[in-house]
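These notes are about the structure you will find just below.
Protein chains in written order, with this note's numbering: chain G, 15 to 605; chain Y, 17 to 47.
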């Protein structure tokens, strides 16, 4: 039983760690430009590399690229009825849903206020979704690379377009190709057909239509790029996206690979590997704690309503109808989980997916027990438990700067990072970047919870409803993209006679949040890194705060908890914790 | 939904939001 529960997360983390070290070497080698491209690639690279850019030009290129990506995506989705590969004649999505979806895919969030198989044609899935899956993932990665180059005082932070090319061609495509082959071998569909007709076992006389498409390719980059937007609405719980336990292992591993490697790439490119190992171990500590917490409170405990509120003790009963079936209550709480993945796969995936800002799901998030639901929320609030590609390390960098600054104030020494003195300008930028996140979560949550926009959309009253709202905004703000699916916010096609009542408000609000929380926390840290890198290096002395010791480890952990987690303690009390303790008035503690 | 109003409105809203990001970039440069 112990092995059955804990082997999967253990194997995942160990494999991801073992692969992260060589992969980080490869990433640093590619991003430093130390490779020799093939002749045909050299032709492209010479044309893309129009010269080195300073940080303002790099950031400007990034924003212009994303603006064009927005327009391109908008056109593809708006013209869906007239594009090829649409045999079932799917019409246009509602304009607000187009707005939300385009921004979601552009910002690596992939918050889907639509069901992929119902509302998108294969043309849109290929040319809108898959394109954005590759490019949006590369944006965060390139932002981190620019920040690293700025921190190590390079004269220029590189060329944005060359970086994007390197990431997509040399990093994403080869790994995604290998993953795609693995998924095809497990039974994931890979076809340009839109649907197949099958005769089911239950009703041999009736034909059932199953939607298919280029799912294997979609799945590979969806997980590798920590995107999370699924071909199907059920995401990685769907038997076509994730057919077997073996594919689930690689599905989960794929989303861990790059966030793990990027932390080590940071250290390698800065020539401070010990420092990045300290950061890596802080993140790993948080991740392991999250997994243990989620599995304990979700898989190993039943719904608190059964335990604490009912007078009788919870006990496992044998239901006569299931006597001869392979149903075992001792497997744990599997409500909302997929049986084929094993006991702890749902909880593990839930803990990991928000940590790395992926947002894919292989179990129903709305089914998580309330205390267990704190983990995905915490992953999104901190955004540095490895975090999204590039963005996780950038968020951690903000906490590092802030932690060093606070430590410097406490002992009365000028704070220094990488030998550069941290000044007022850098701290201002760090605080701005750090505060955008909670502002974009808490303000809309409060607004929607207090108005009909939110109240009409929730499906569970009380604390769980608040958690549903909170989760949606946390997901948008952290560029995660998972959701408690209990929220009723799908408009559907533009001519839908019965859309969700508040869909327009949700579409527009989450869309705007996604834009601001994606780009502002890239621009401010990039500026901060450029200003920091431009300063003179101070010589290392006995009084310098060492950034590769256990003291620094505790400092970093403390900063993350006090600055990051404490901001959200009040709303956590009103949401998940209130739900765990039961309806007001609280009668009994139930854990 | 009147597409002639909503579609351009949503496109412009997105472009407006991106322009605010450009303004933020300028602000970071001035800080």
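C-beta: ideal position from N, C-alpha, C; glycine also. Since the model is a prediction, treat every value here as computed from it, not as a measurement.
Alpha-carbon spacing of residue i relative to residue j, whole angstroms
i              : j              : result
residue 78(G)  : residue 526(G) : 17 Å
residue 151(G) : residue 118(G) : 12 Å
residue 495(G) : residue 114(G) : 11 Å
residue 107(G) : residue 135(G) : 11 Å
residue 592(G) : residue 586(G) : 8 Å
residue 173(G) : residue 65(G)  : 7 Å
residue 184(G) : residue 51(G)  : 10 Å
residue 144(G) : residue 229(G) : 10 Å
residue 434(G) : residue 428(G) : 10 Å
residue 68(G)  : residue 192(G) : 35 Å
residue 284(G) : residue 518(G) : 46 Å
residue 240(G) : residue 93(G)  : 27 Å
residue 482(G) : residue 470(G) : 12 Å
residue 300(G) : residue 367(G) : 13 Å
residue 41(Y)  : residue 74(G)  : 8 Å
residue 384(G) : residue 450(G) : 26 Å
residue 22(Y)  : residue 508(G) : 10 Å
residue 195(G) : residue 253(G) : 17 Å
residue 36(Y)  : residue 315(G) : 47 Å
residue 31(Y)  : residue 39(Y)  : 12 Å
residue 324(G) : residue 387(G) : The predicted model places residue 324(G) with a pLDDT of 47, which falls under 50 and marks its position as unreliable, so this point remains unresolved.
residue 190(G) : residue 552(G) : 43 Å
residue 100(G) : residue 232(G) : 17 Å
Rounded Cβ spacing between residue i and residue j (contact assumed at less than 8 Å)
i              : j              : result
residue 350(G) : residue 313(G) : Between residue 313(G) and residue 350(G) the Cβ distance is about 11 Å, and since that is not below 8 Å, they are no contact.
residue 447(G) : residue 339(G) : No, residue 447(G) and residue 339(G) are not in contact; Cβ-Cβ is about 54 Å, not under 8 Å.
residue 365(G) : residue 304(G) : 4 Å
residue 110(G) : residue 128(G) : About 11 Å separates the two Cβ atoms, so there is no contact after all.
residue 529(G) : residue 121(G) : 7 Å
residue 164(G) : residue 543(G) : 4 Å
residue 291(G) : residue 418(G) : About 17 Å separates the two Cβ atoms, so there is no contact after all.
Neighbour list for residue i in chain G, Cβ cutoff strictly below 8 Å
i             : result
residue 60(Y) : No answer is possible for residue 60(Y): the residues shown for chain Y start at 17 and end at 47.
residue 19(Y) : 106, 109 and 508
Exposed unless 16 or more other CB atoms sit within 10 angstroms - verdict on residue i
i              : result
residue 575(G) : exposed
residue 227(G) : buried
residue 523(G) : buried
residue 221(G) : exposed
residue 45(Y)  : exposed
residue 554(G) : exposed
residue 104(G) : buried
residue 578(G) : buried
Interface residues of chain G facing residue i [CB-CB closer than 9 Å]
i             : result
residue 31(Y) : 81, 84 and 85
Chain Y residues whose Cβ lies nearer than 8 Å to that of residue i
i              : result
residue 486(G) : Near residue 486(G) there are no residues of chain Y at all, since even the closest Cβ is about 19 Å away, more than 8 Å.
residue 8(G)   : Because chain G spans 15 through 605 in this model, residue 8(G) falls outside it and cannot be assessed.
residue 534(G) : 37 and 40
residue 2(G)   : Residue 2(G) lies beyond the stretch modelled for chain G, which goes from 15 to 605, so this question has no answer here.
Proximal chain Y residues relative to residue i, where beta-carbon distance stays under 9 Å
i              : result
residue 74(G)  : 38 and 41
residue 434(G) : Within chain Y, no residue comes near residue 434(G); the closest Cβ sits about 17 Å away, beyond 9 Å.
residue 529(G) : 30, 33, 34, 36 and 37
6 Å Cβ shell around residue i - same chain, five flanking residues per side excluded
i              : result
residue 155(G) : 181, 403 and 404
residue 395(G) : 582
residue 159(G) : 45 and 177
residue 265(G) : 237, 250 and 256
residue 272(G) : 403
residue 498(G) : 379, 380, 482 and 485
residue 370(G) : 240, 269, 273 and 400
Residues that residue i contacts on chain G, provided the C-beta gap is smaller than 7 Å
i             : result
residue 27(Y) : 88
Sequence-distant residues of the same chain with beta carbon closer than 8 Å to residue i, five excluded per side
i              : result
residue 326(G) : Since pLDDT at residue 326(G) reaches only 44, below the 50 mark, its modelled position is unreliable, and no value is offered.
Beta-carbon neighbours of residue i, restricted to chain Y and to distances below 7 Å
i              : result
residue 538(G) : 44
residue 549(G) : Chain Y residues near residue 549(G): none, gap ~15 Å exceeds 7 Å.
residue 526(G) : 33
residue 77(G)  : 34, 37, 38 and 41
residue 492(G) : Within 7 Å Cβ-Cβ: nothing; residue 492(G) doesn't reach chain Y, min ~18 Å.
7 Å Cβ shell around residue i - same chain, five flanking residues per side excluded
i              : result
residue 259(G) : 354, 355 and 356
residue 289(G) : 281, 561 and 562
residue 296(G) : 567, 570 and 571
Contact test: residue i Cβ vs the ligand SAM heavy atom, cutoff 7 Å
i              : result
residue 431(G) : This structure simply doesn't include the ligand SAM, nor any ligand for that matter.
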